[in-house]
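In the working numbering, the protein residues as written are 5 to 584.
1) For residue 320, which option in 250, 499, 447, 49 has the closest C-alpha, if you only look at C-alpha atoms?
2) My output table needs one value for residue 410: the three-state DSSP class, helix, strand or coil.
3) Which residue wins for smallest C-alpha separation from residue 346, given the options 368, 439, 325, 395?
4) Please classify residue 6: is it buried, with 16 or more other beta-carbons within 10 angstroms of its beta-carbon, or exposed?
5) From which residue to which residue does the alpha helix (DSSP H) around residue 263 run?
6) If you follow the beta strand (DSSP E) that residue 290 is part of, which residue opens it and which one closes it?
7) Mapping the DSSP letters down to three states, classify residue 135 as helix, strand or coil.
8) Ignore the nearest five residues each way along the sequence and tell me which others in residue 461's own chain have a CB closer than 7 Å to its CB.
9) In angstroms, rounded to a whole number, what distance separates the CA positions of residue 36 and residue 11?
10) Using only the alpha-carbon positions, how far apart do residue 559 and residue 86 sit?
11) Helix, strand or coil for residue 90, going by three-state DSSP, please let me know.
12) Quick one, which of 483, 368, 478, 135 has its alpha-carbon nearest residue 557's?
13) Classify residue 507 as buried or exposed, calling it buried when 16 or more other Cβ atoms lie within 10 Å of its own Cβ.
14) With a Cβ-Cβ cutoff of 8 Å, do residue 279 and residue 330 count as a contact?
15) What three-state label does DSSP hand residue 467 in the structure shown?
16) Report yes or no: do the segment 383 to 398 and the segment 488 to 499 share at least 3 C-beta pairs separated by less than 8 Å?
17) Compute the beta-carbon to beta-carbon distance between residue 43 and residue 149, rounded to the nearest angstrom, for a pair I have assumed lies under 8 Å.
18) Counting pairs of beta carbons, one from the segment 254 to 268 and one from the segment 187 to 194, are three or more of them closer than 8 Å?
19) Does residue 329 come out as helix, strand or coil in the three-state DSSP assignment?
20) Which residues bound the beta strand (DSSP E) around residue 124?
21) If you follow the beta strand (DSSP E) that residue 101 is in, where does it begin and where does it stop?
22) Go ahead and pull the three-state DSSP assignment for residue 448.
23) The beta strand (DSSP E) spanning residue 75 covers which residue range?
24) So, helix, strand or coil for residue 60, using DSSP?
25) Just the Cα atoms here: how many angstroms apart are residue 166 and residue 74?
26) Going by the beta-carbon positions, is the gap between residue 340 and residue 407 smaller than 8 Å?
27) Rounded to the nearest angstrom, what separates residue 223 and residue 428 at their Cα positions?
28) May I ask which residues mark the beginning and end of the alpha helix (DSSP H) holding residue 553?
29) Under 8 Å, with one C-beta from each stretch per pair, do the segment 417 to 436 and the segment 374 to 386 reach the 3-pair mark?
30) Please name the residue, chosen from 45, 338, 376, that lies closest to residue 391 on a Cα-to-Cα basis.
31) Jot down the residue ranges of each uninterrupted alpha helix (DSSP H) in the segment 414 to 448, minimum 4 residues, whole runs only, in chain order.
32) Can you list, in chain order, the residues of its chain with a C-beta nearer than 6 Å to that of residue 305? Leave out the 5 residues immediately preceding and following it.
33) Output the boundary residues of the beta strand (DSSP E) element that contains residue 184.
34) Candidates 366, 71, 403: which alpha carbon is nearest residue 350's?
35) Compare the C-alpha of residue 181 against each of 205, 196, 200, 159 and name the closest.
36) Who are residue 11's beta bridge partners in DSSP?
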């Protein structure tokens with residue numbers, strides 16, 4: 005079927021739908037809703053049998069939806085309408101939510117229903133909006149998109165009017181855009197209420213409040229169960245810093261705020277940063293702590309804001325890391341490298357790398373953009389990521405397994421490829437390229453990528469700059485195995501595989517083969533040579549801006565059009581895609 009994927013941005017959800025429909029054999033082209041004329045031109049070129057909108061904030065032109073079957077994938081259950089569906093669901097503590105496919109009509113989200121999916125939402129520990137969107141919502145939307153395509157091919161199918169659907173437990177209603185007035189809280193409120201408010205706006209638009217005397221938007225909030233009511237610390241005051249986060253006191257306790265965007269009236273848009281970086285000198289006098297080992301991120305028995313942890317399960321050492329949006333700053337990479345070296349020095353048989361909601365996306369573009377000297381900061385950041393990758397590649401006393409349970413891009417993909425075995429969750433989307441950001445790339449990719457997929461495929465992946473799903477990734481050897489299930493099921497299955505590998509009869513042989521191969525590769529061309537070659541190219545990208553890294557980075561972090569040739573070429577590539 006000829007399908008036009010119409011979206012506001014080619015984001016993780018849109019990419020997931022694109023990869024799966026292409027995998028099913030459909031001819032899928034992508035158009036971003038830049039303007040009505042751009043949409044009409046794309047429709048004229050593609051002559052679609054179906055216009056599918058998995059992530060669309062704009063209205064579809066009336067002449068398009070009247071002439072072509074047009075289906076909106078809305079992130080809410082049947083009857084839910086409005087642009088802030090997930091925000092309201094989390095803020096109001098909905099225990100069940102859904103995704104619905106509707107025909108585009110004059111009334112937003114009011115068209116006949118093609119199908120729906122529902123799922124449970126944790127009310128005891130409310131999810132971040134970004135996590136809910138990238139997890140359950142994306143999984144449901146991808147399944148629903150395939151269902152819509154099947155129904156569109158059935159001439160006997162007719163979508164049911166919205167009014168014909170009986171109310172259900174997860175039925176929604178029309179609600180307006182959630183403004184900062186509805187999001188507002190007081191630091192004197194209970195911790196649970198503040199947490200829910202912040203998570204309902206994570207990662208966009210954040211909640212506006214005051215911290216350290218500054219007008220800010222806050223994100224990435226985590227409760228600290230070991231801080232009860234502290235009468236000597238006033239609500240809203242910060243008493244401690246850890247790993248870039250600040251501990252803010254509330255009416256009945258305290259919570260950690262990991263990321264902050266300082267709001268200003270200047271012409272340059274501010275960006276989201278680790279809280280201690282954003283607040284700068286205003287928190288420089290406060291005590292600071294660092295995460296100890298062992299222990300895992302989010303472990304309730306440990307007090308603090310933890311991004312990196314180490315846990316031992318029998319013969320398996322687990323290095324777990326969860327960086328906000330998958331971005332890894334210089335300091336985060338340095339701490340991750342220390343954790344990896346600590347793990348490599350233990351007497352375990354297998355080292356398991358366990359990522360977070362986003363496995364990794366490489367360097368921290370926001371931190372680079374906000375630096376007074378972006379070039380040197382980018383250079384420090386890429387060298388710090390390289391050090392983390394080297395710690396994985398140098399681990400020859402253990403077999404290394406990478407568990408890619410969340411999306412990964414650029415250097416994050418290459419970090420995983422340093423492992424001996426790469427396991428990926430079925431729903432993951434990978435973007436193994438750098439060129440769309442004006443970078444040659446590093447992280448030893450010129451060694452790890454060709455050795456897995458071959459030189460020709462490595463060139464295709466890095467030059468086309470397109471996402472790939474896990475089925476294709478397994479076929480070309482980018483990952484070794486794809487596992488189904490929820491995030492929790494994936495992590496349990498991965499740990500089981502790692503324990504089996506550690507206890508298996510083949511472990512000694514596999515480890516000997518690994519050591520022999522690494523020594524042979526080192527004699528042919530040392531790892532240091534790959535790093536020097538990559539960094540020589542990166543130095544031109546970073547310090548001479550030969551491919552527009554400065555402009556592309558700025559446009560990306562401020563969510564603005566870049567206007568650069570590299571970005572324009574990327575945009576024009578998508579509508580011209582041919583079937584897989």
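Glycine included, each C-beta is placed from N, C-alpha and C at the ideal position.
In brief:
1) 499
2) coil
3) 395
4) exposed
5) Here residue 263 belongs to no alpha helix (DSSP H); instead the beta strand (DSSP E) covers 258 to 266.
6) That residue, residue 290, is in no beta strand (DSSP E); it is neither H nor E in DSSP.
7) helix
8) 480
9) 5 Å
10) 28 Å
11) helix
12) 368
13) exposed
14) no
15) helix
16) no
17) Actually they are not in contact, since the Cβ atoms of residue 43 and residue 149 sit about 19 Å apart, beyond 8 Å.
18) yes
19) helix
20) 117 to 124
21) 100 to 107
22) coil
23) 74 to 78
24) coil
25) 16 Å
26) no
27) 28 Å
28) 553 to 562
29) no
30) 338
31) 415 to 421
32) Any reading at residue 305 is ruled out, since the residue's pLDDT is 45, under 50, leaving its predicted position unreliable.
33) Per DSSP, residue 184 belongs to no beta strand (DSSP E); it is in the alpha helix (DSSP H), 184 to 187.
34) 403
35) 205
36) 36
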